[in-house]
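First up is the structure itself, then whatever we jot down about it.
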Amino acid sequence: MPQPLGSLVGGVLLIAVGLMLFAHTMFRVPLEWLAQWWPLASLAGRVVGLRRPACEAATGESRRDEFVGPGSHGVPTAAIIPIRR
């Protein structure tokens with residue numbers, strides 16, 4: 166039985182965001198770098214999304230039942246773009 170990758174990635178992502186916000190709140194760790202580097206996370210997500218169909222084509226195996234989530238299998242991912250004033 167394959168392990169669902171989406172649940173693992175989502176859980177790790179939630180923990181990472183929670184730790185960053187906790188550090189910012191409790192220890193005043195600056196988050197200015199996040200405003201500059203957030204597109205890198207979006208790009209990484211797209212690379213992972215493109216890599217999966219390429220692996221399926223190379224091996225001839227369909228792994229569509231392992232990962233269901235935004236941006237997978239032709240479903241577009243919405244981008245959230247902050248507007249600075």
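Residue numbers for the sequence shown follow this note's numbering, so the first one is 166 and each next one is one higher. For glycine and all other residues, C-beta sits at the position ideal for the given N, C-alpha and C.
Beta-carbon gap between residue i and residue j smaller than 7 Å
i, j, result
"Val194", "Ala188", "yes"
DSSP state of residue i mapped onto helix, strand, coil
i, result
"Ile216", "At residue 216 the sequence reads Arg, which differs from the Ile that was named. Three-state DSSP puts Arg216 in a helix."
"Cys194", "Note that residue 194 is Val in the sequence shown here, rather than Cys. Reduced to three states, the DSSP call for Val194 is coil."
"Gly183", "helix"
"Gly225", "coil"
"Gly239", "Since pLDDT at Gly239 reaches only 49, below the 50 mark, its modelled position is unreliable, and the value read off the structure follows with that caveat. Three-state DSSP puts Gly239 in coil, outside helix and strand."
Contact set for residue i: own chain, Cβ-Cβ below 7 Å, skip 5 residues either direction
i, result
"Leu178", "none"
Proximity to residue i [Cα-Cα], best of the options
i, options, result
"Met185", "Leu173, Trp198, Leu215", "Trp198"
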